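First comes the structure, then the notes that go with it.
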């Protein structure tokens, strides 16, 4: 599933191309019937919050959640010819077109529904001014593993399995550590790293947490510390892969000591 940097990058790119334009809006797939009512209206703003995207038209808001399989694709020129039966939402200026396929959610939301959605989304490291302290308090009262808490989008939003692995490694915390045993200092350090590294993800349009050694090609594997690696990039210990929060976690047993039972 795309992590928060992907949604914020999409918001930036969609906004750059489409905001201020009166759009031709359609749903070739037919599963977003409300699209027809948006056609001929102006896109006013695009924003992201966690793993959610909000497209604000003059008079309406579309909520998108990409889920596991959703993706946007950009085409130059008018809508492409040929089969479009998988396109849930098509946005076109006539000079360029964005197609959305396979989202978990794509729906019009009124103000009440939008506010309810936003209230369920935790603090986002990429939203300036978002306050993570309530999430920290909740985490430090919890017996749940910190690795599970970081995936709880109602606490902190936008962090998925890759960022979880990398952030916990960088602060030296094992993902199975109960939230109540993680220091406030470590949580604040993790948040600051999330702010910095997700911003790098937006800029580079991919997750990068590590600069490879000189002469080593910057492949995806080489730009990560522990995620899907066999050995630790610092101490060369074998990476372990416990299941935490229903997802495989990647952890160095030396750099991230396991909590005592």
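Numbering (my numbering), first residue to last: 1216 to 1476.
In this text, a Cβ means the ideal position worked out from N, Cα and C, and glycines have one as well.
If you're wondering where the values come from, they're calculated on a predicted model, not measured in any experiment.
The three-state reading of DSSP puts residue 1291 in strand, counting E and B together.
Ranked by Cα distance from residue 1292, the options 1310, 1402, 1234 are led by 1310. Sequence-distant partners of residue 1357 (beyond 5 residues in either direction) whose C-beta falls short of 8 Å from its own C-beta, in its chain, are 1364, 1393, 1394, 1395. The alpha-carbon of residue 1401 is positioned some 13 Å away from that of residue 1362. DSSP, reduced to helix, strand and coil, places residue 1263 within a strand of the structure shown. Residue 1226 carries a helical assignment under DSSP once its states are collapsed to helix, strand and coil. Distances from the alpha-carbon of residue 1285 to those of 1250, 1257, 1315 put 1315 closest. At a Cβ-Cβ threshold of 8 Å, residue 1390 and residue 1305 do not count as neighbours.
In the three-state reduction of the DSSP assignment, residue 1331 falls in the helix class. Judged by DSSP secondary structure, residue 1399 falls within the alpha helix (DSSP H) whose first and last residues are 1399 to 1419. With respect to residue 1349, residue 1406 sits apart: the two C-beta atoms are not nearer than 8 Å. Assignment of residue 1377 by DSSP, reduced to helix, strand and coil, places it in the helix class. A residue is called buried when at least 16 other Cβ atoms come within 10 angstroms of its Cβ; residue 1261 meets this threshold and is buried. Within the same chain, and ignoring the five residues on either side of residue 1438 in sequence, the residues whose Cβ sits closer than 6 Å to its Cβ are 1423, 1425. Within its own chain, the residues whose Cβ lies closer than 6 Å to the Cβ of residue 1234, once the five positions on either side in sequence are excluded, are 1258, listed in chain order. Its chain contains 1365 as the residues whose beta carbon lies nearer than 6 Å to that of residue 1374, once the 5 sequence neighbours on both sides are disregarded; these appear in chain order.
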